[in-house]
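Participant:
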Amino acid sequence: MNREDFIMRFEALKGAMLTFLRTHAIDDTHRARLVGDIVNTIEKAHLPAEPQAPRQLPGCRHLQAALALARGGPMENLARAFADLEPALRWIRTEHYREQLGDEYMNNYCYTNILGYDALIPHERIIIAFFIIGPGRHYPRHHHGAEEIYFPFGGDTLWGQNDQPPCLRPPGQPIHNTPWLPHEMVTQQTPLFSFCCWKSAGPLALARLT
Ligand SMILES: [Fe+2]
7 MNREDFIMRF
17 EALKGAMLTF
27 LRTHAIDDTH
37 RARLVGDIVN
47 TIEKAHLPAE
57 PQAPRQLPGC
67 RHLQAALALA
77 RGGPMENLAR
87 AFADLEPALR
97 WIRTEHYREQ
107 LGDEYMNNYC
117 YTNILGYDAL
127 IPHERIIIAF
137 FIIGPGRHYP
147 RHHHGAEEIY
157 FPFGGDTLWG
167 QNDQPPCLRP
177 PGQPIHNTPW
187 LPHEMVTQQT
197 PLFSFCCWKS
207 AGPLALARLT
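The sequence shown begins at 7 in the working numbering and counts up one residue at a time.
#1: Could you tell me the boundaries of the alpha helix (DSSP H) in which A18 lies?
#2: Quick check: what's the CA-CA separation for C173 versus G161?
#3: From H149 to L215, what distance separates their C-alpha atoms?
#4: If you draw a straight line from the alpha carbon of R147 to that of L187, how long is it in whole angstroms?
#5: Please indicate yes or no: does the CB of H189 lie closer than 7 angstroms to some heavy atom of ligand 1?
#6: If I follow the unbroken alpha helix (DSSP H) through E92, where does it start and stop?
#7: Mind checking whether the beta-carbon of N119 lies closer than 7 angstroms to any heavy atom of ligand 3?
#8: To test your reading of the DSSP string, which unbroken beta strand (DSSP E) runs of 3 or more residues are found completely within the segment 103–141?
#9: Starting from the C-beta of A71, find all residues in its chain whose C-beta is less than 6 angstroms away, skip the five residues before and the five after it, and write them out in chain order.
#10: Could you check the C-alpha separation between D109 and I138 for me, to the nearest Å?
#11: Considering only C-alpha positions, which residue in the set L95, N114 and R96 is nearest to G104?
#12: Does any heavy atom of ligand 1 sit closer than 7 angstroms to the C-beta of E154?
#13: Below 7 angstroms CB to CB, which residues in the same chain sit around L107 once its five sequence neighbours on both sides are set aside?
#14: How long is the line joining the alpha carbons of C203 and L73, rounded to whole angstroms?
#15: Counting pairs of beta carbons, one from the segment 48–60 and one from the segment 176–183, are three or more of them closer than 8 angstroms?
#16: Tell me, to the nearest whole angstrom, how far the beta carbon of L40 is from that of E153; I am working on the premise that it is less than 8 angstroms.
#17: Can you tell me where the beta strand (DSSP E) with L198 in it begins and where it stops?
#18: Report the three-state DSSP secondary structure of P146 (helix, strand or coil).
#19: Sorted by chain position, which residues of the same chain lie with C-beta nearer than 8 angstroms to W97's C-beta, five sequence neighbours on each side aside?
Structure (structure tokens):
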């Protein structure tokens, strides 16, 4: 992908993220403030002169099945814009999970930060990410001081918060994790594929298992 093409695809993704966020998830004041901050940050985001080195990880083998989940749903345009830019993106993992979750888990999950750390556009407080977990996995209860919203693209993942039993969540509908609220995800037949927004009050600190 040449630079011109890269910039065009980035601008298309930026537009798709903004359109999606502006038309979703602004129906309660607390969440609206977070989404508003995220929207303002994306509006101001500019690509650095030096692009990051693209990288795929083993979990990327679930990418095509993940993208397919969005077809016909409320996040289809966002998924398409993401797929167009994906070859230029760098996939990462939270490496401190390896000890507790094992190699199998690490080989079946990954995410790429559009904003944040090790990201297309570095940012110290906000993370905008696309996140994949393969079928039949459990991302156990974890928490963090940052406020977070997941928007599932589709699929049959069970989403748990606090002590409630994990349940299905409809595509495009936000799952809002307030600071330190324990949460977990259980994937079934399909991968989990989610658009994620995260805002730290202070310097970034990654999630820890509870
Ligand atoms: Fe989280």
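Cβ coordinates follow ideal geometry from the N, Cα and C atoms, glycine included.
Since the model is a prediction, treat every value here as computed from it, not as a measurement.
Facilitator: Taking the coordinates as given:
#1: R9 to T29
#2: 12 angstroms
#3: 7 angstroms
#4: 10 angstroms
#5: yes
#6: Here E92 belongs to no alpha helix (DSSP H), and DSSP marks it neither H nor E.
#7: This structure lacks ligand 3; the ligands present are ligand 1.
#8: 115–122 and 132–139
#9: P197
#10: 16 angstroms
#11: For the record, residue 104 in the displayed sequence is Arg; it is not Gly. With distances taken between Cα atoms, R104 lies closest to N114.
#12: yes
#13: none
#14: 18 angstroms
#15: no
#16: 6 angstroms
#17: L198 to K205
#18: strand
#19: R61, Q62, L63, G65, C66, C116, Y117 and T118
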